[in-house]
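A.B. asks: Residue numbering for the sequence shown follows this note's numbering, beginning at 3 and increasing consecutively.
Cβ coordinates follow ideal geometry from the N, Cα and C atoms, glycine included.
The structure displayed is predicted, hence computed values, not measured ones.
Have a look at this one before I ask anything.
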Amino acid sequence: MTALSNSPLRALQESKLKALFAAIATGGAFNSARVTGEAFEFENVPFTTKDDLLGDRLAHPPFGSALTEPLANYTRFCQTSGTSTGQPMAWIDTPQSWEAMLNCWRWVFRGAQLHKGEDRVFFAFSFGPFLGFWTAFEAAATDYLTIPGGGLSSMARLEAMARYQTTVLCCTPTYALRLGESIGGESGVGLDRLAVRKVIVAGEPGGNVPGVRERIEQLWNARVFDHHGMTEVGPVSFESVELPGFLQIIEEAYLAEIIDPKTGREVAEGACGELVLTTLDRTACPLIRYRTGDWVKKRIINDRLCLEGGVLGRVDEMVVIRGVNIYPSAVEGVVRQVAGIAEFQVEQRKIEAMDEVAVLIELQPGAAPDLVRHLESKLRDTFSMRIPVRLATGLPRHEFKARRWVKVAVE
Numbered sequence: 003m004t005a006l007s008n009s010p011l012r013a014l015q016e017s018k019l020k021a022l023f024a025a026i027a028t029g030g031a032f033n034s035a036r037v038t039g040e041a042f043e044f045e046n047v048p049f050t051t052k053d054d055l056l057g058d059r060l061a062h063p064p065f066g067s068a069l070t071e072p073l074a075n076y077t078r079f080c081q082t083s084g085t086s087t088g089q090p091m092a093w094i095d096t097p098q099s100w101e102a103m104l105n106c107w108r109w110v111f112r113g114a115q116l117h118k119g120e121d122r123v124f125f126a127f128s129f130g131p132f133l134g135f136w137t138a139f140e141a142a143a144t145d146y147l148t149i150p151g152g153g154l155s156s157m158a159r160l161e162a163m164a165r166y167q168t169t170v171l172c173c174t175p176t177y178a179l180r181l182g183e184s185i186g187g188e189s190g191v192g193l194d195r196l197a198v199r200k201v202i203v204a205g206e207p208g209g210n211v212p213g214v215r216e217r218i219e220q221l222w223n224a225r226v227f228d229h230h231g232m233t234e235v236g237p238v239s240f241e242s243v244e245l246p247g248f249l250q251i252i253e254e255a256y257l258a259e260i261i262d263p264k265t266g267r268e269v270a271e272g273a274c275g276e277l278v279l280t281t282l283d284r285t286a287c288p289l290i291r292y293r294t295g296d297w298v299k300k301r302i303i304n305d306r307l308c309l310e311g312g313v314l315g316r317v318d319e320m321v322v323i324r325g326v327n328i329y330p331s332a333v334e335g336v337v338r339q340v341a342g343i344a345e346f347q348v349e350q351r352k353i354e355a356m357d358e359v360a361v362l363i364e365l366q367p368g369a370a371p372d373l374v375r376h377l378e379s380k381l382r383d384t385f386s387m388r389i390p391v392r393l394a395t396g397l398p399r400h401e402f403k404a405r406r407w408v409k410v411a412v413e
């Protein structure tokens, strides 16, 4: 196996990688076929894709063939929010692998400088079968008063946060905006009754989109901390007080690569590429060189791998509009700079073999209709092209992962 480097962190990763390969050698067929023979050299191990995982699930239902221990050892279940088949993908963990993911969430809380015995954390999640809900909640419950908000309305959540003087809110960026816009007014809960000092967001890009971050911080009068992870691998990165605007990879738990998606080669420091992860601690259901599809910018700070600006978008979400590369998160960043917009949606349609987009916006009560022209101007300045903006009503509201980019068929 090729040495990764001489630093203590790299030595730890190499030691864990050797142990992982040993577990895989006696485990399921999915990974053992990838790390045998000449391919045992890490750089020769093929990448794993979501299509690979889906194919393995279909061939070996319902949990696939990547498990490294007897099925009786697995006690935790979670699933993805969906796949190309429309069906979620199930994942199971042993107590040891689950605890490894709780340790990753503890990095998130330490990065935001939460204080044991002082902070009270409110989780505004539905607590469905998604990994992030449960790992975050259980990790927080080790050190902080932890309050679940599943099954409550937005008004009831605000009232509970005021009553119990919670200091930290944990939710998606979309819901942080939605709940924040309910402060005051009909809710009857003003900022003067709330004690929230920090908002930890996860589940979708947005926490490091400047317009989104600034809007959340304005609504809550609190500092935003971003985090990202995924059901397939677990909690991956965190934002710290010391490095705002960067997500730090938890390299004790993951061997991370950032590659050119076309060539598969590692990109240079300061360049953008696709994040690839190998799980070092979640060994009961490991993934080797998993192509996450996350588009990120590589930075090395204090010998640590960081993602400048967080997750910038998805590799497969970029669209080319009249020769301009556009990511959904970039459009949202512009929209969130304009006060008075309650919700928005982007429609993408093909006209005469070319893709076109338009932005639909729903205004907050009392907002001036000339926001349409104002937003069109900001979009034109940002992307050097005209993107039409139209007023709309009844746009869907989101609590979990927002789906604001809609492809529309042209009749």
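(1) Consult DSSP for Ser239 and reduce its assignment to one of helix, strand or coil.
(2) Under three-state DSSP, which class holds Asn304?
(3) DSSP on Val278, reduced to helix/strand/coil?
(4) Ignore the nearest five residues each way along the sequence and tell me which others in Cys308's own chain have a CB closer than 6 Å to its CB.
(5) Mind checking which residues open and close the alpha helix (DSSP H) that includes Leu393?
(6) Looking at Thr82 and Thr176, is the spacing between their C-beta atoms short of 7 Å?
(7) Please name the residue in Trp100, Pro48, Gly29, Thr280 whose C-alpha comes closest to that of Gly66.
(8) Do Thr168 and Arg122 have their beta-carbon atoms positioned less than 7 Å apart in this structure?
(9) What are the boundary residues of the alpha helix (DSSP H) that Ala27 is part of?
(10) Taking only the alpha-carbon atoms, compute the straight-line gap between Glu40 and Val170 and give it to the nearest angstrom.
(11) Of the residues Val278, Arg284, Ala92, Cys172, which one's Cα is nearest the Cα of Lys18?
(12) Can you give me the start and stop residues for the beta strand (DSSP E) that Ile185 sits inside?
(13) Determine the extent of the alpha helix (DSSP H) in which Met320 is found, giving its start and end residues.
(14) Can you check which of these residues, Gly272, Glu310, Gly311, Asp318, is closest to Thr294 by C-alpha distance?
(15) Compute the beta-carbon to beta-carbon distance between Ala255 and Leu277, rounded to the nearest angstrom, for a pair I have assumed lies under 8 Å.
(16) Would DSSP call Gln220 helix, strand or coil?
(17) Consult DSSP for Ile256 and reduce its assignment to one of helix, strand or coil.
(18) Is the beta carbon of Val340 sitting closer than 7 Å to the one on Leu377?
(19) Let me know the secondary structure DSSP gives Gln98 once reduced to three states.
(20) Under DSSP, the alpha helix (DSSP H) around Phe135 begins and ends at which residues?
(21) What residue from Phe79, His229, His117, Phe124 has the CA that sits closest to Cys106's CA?
(22) Grab me the residues of Ala370's own chain with a C-beta within less than 8 Å of its C-beta, minus the 5 sequence neighbours each way, in chain order.
(23) Just reading off the beta strand (DSSP E) that Ala344 is part of, what are its end residues?
(24) Tell me, please, whether the region 390-399 touches the region 342-352 by the rule of three or more beta-carbon pairs shorter than 8 Å.
(25) If I'm right that Val298 touches Val313 with Cβ under 8 Å, what's the distance once you round it to whole angstroms?
(26) Since Lys380 is in the alpha helix (DSSP H), which residue starts that stretch and which ends it?
(27) What first and last residue would you give for the beta strand (DSSP E) that runs through Arg165?
(28) Rounded to whole angstroms, how far is the Cβ of Gly130 from the Cβ of Gly231, which I believe are closer than 8 Å?
(29) Quick test of the definition: if touching needs 3 or more C-beta pairs under 8 Å, does the region 149-163 touch the region 187-199?
(30) Here's the rule I'm using: 16 or more other beta-carbon atoms within 10 Å means buried, otherwise exposed. How should Thr87 be labelled?
(31) Is DSSP giving Pro288 helix, strand or coil here?
(32) Would you mind giving the Cβ-Cβ distance between Phe227 and Glu241, rounded to the nearest angstrom? I have them listed as a contact below 8 Å.
(33) When DSSP labels each residue in this structure, what does Pro246 get in the three-state scheme?
(34) Could you tell me which residues DSSP puts in a beta bridge with Phe79?
(35) Let me confirm a value: Lys200 is counted as buried when at least 16 other C-beta atoms fall within 10 Å, else exposed. Which label applies?
(36) Can you have a look at Val326 and say buried or exposed, based on whether 16 or more other CB atoms are within 10 angstroms of its CB?
C.D. replies: A quick look at the data gives this:
(1) strand
(2) Asn304 sits in coil when the DSSP states are folded into three classes, being neither helix nor strand.
(3) Taken through DSSP and simplified to helix, strand or coil, Val278 comes out as strand.
(4) Phe248, Gln250, Arg301
(5) Where Leu393 is concerned, there is no enclosing alpha helix (DSSP H), although the beta strand (DSSP E) it sits in stretches over 391-393.
(6) no
(7) Gly29
(8) Arg122 is a Cβ neighbour of Thr168, given a cutoff of 7 Å.
(9) 10-27
(10) The predicted position of Glu40 is uncertain, since its pLDDT is 49 and thus under 50; a value taken from the coordinates is nonetheless stated next. Between the alpha carbons of Glu40 and Val170 lies a distance of about 49 Å.
(11) Looking at the Cα atoms, Arg284 is the closest of the given residues.
(12) From DSSP, Ile185 is part of no beta strand (DSSP E); its letter is neither H nor E.
(13) Annotation for Met320: no alpha helix (DSSP H) segment contains it, and DSSP assigns it neither H nor E.
(14) Asp318
(15) Not a contact, Cβ separation roughly 14 Å.
(16) Three-state DSSP puts Gln220 in a helix.
(17) The question names Ile, but residue 256 is Tyr in the sequence shown. Here Tyr256 sits in strand by DSSP.
(18) Cβ atoms of Val340 and Leu377: closer than 7 Å.
(19) Gln98: helix per DSSP, three-state reduction.
(20) 133-142
(21) Proximity to Cys106 across Phe79, His229, His117, Phe124 peaks at His229, based on C-alpha coordinates.
(22) Cβ within range, chain order: Gly342.
(23) 343-353
(24) yes
(25) 6 Å
(26) 373-385
(27) Segment 156-165 is the alpha helix (DSSP H) holding Arg165; no beta strand (DSSP E) there.
(28) Their Cβ separation, rounded to whole angstroms, is 16 Å, which puts Gly130 and Gly231 out of contact at 8 Å.
(29) yes
(30) Its pLDDT being 47, under 50, Thr87 is placed unreliably by the model, and the measurement read from it follows with that caveat. Thr87 comes out exposed.
(31) coil
(32) 5 Å
(33) coil
(34) Ile94
(35) By the Cβ-count criterion, Lys200 is buried, with 16 or more other Cβ atoms from all chains shown falling within 10 Å of its own Cβ.
(36) exposed
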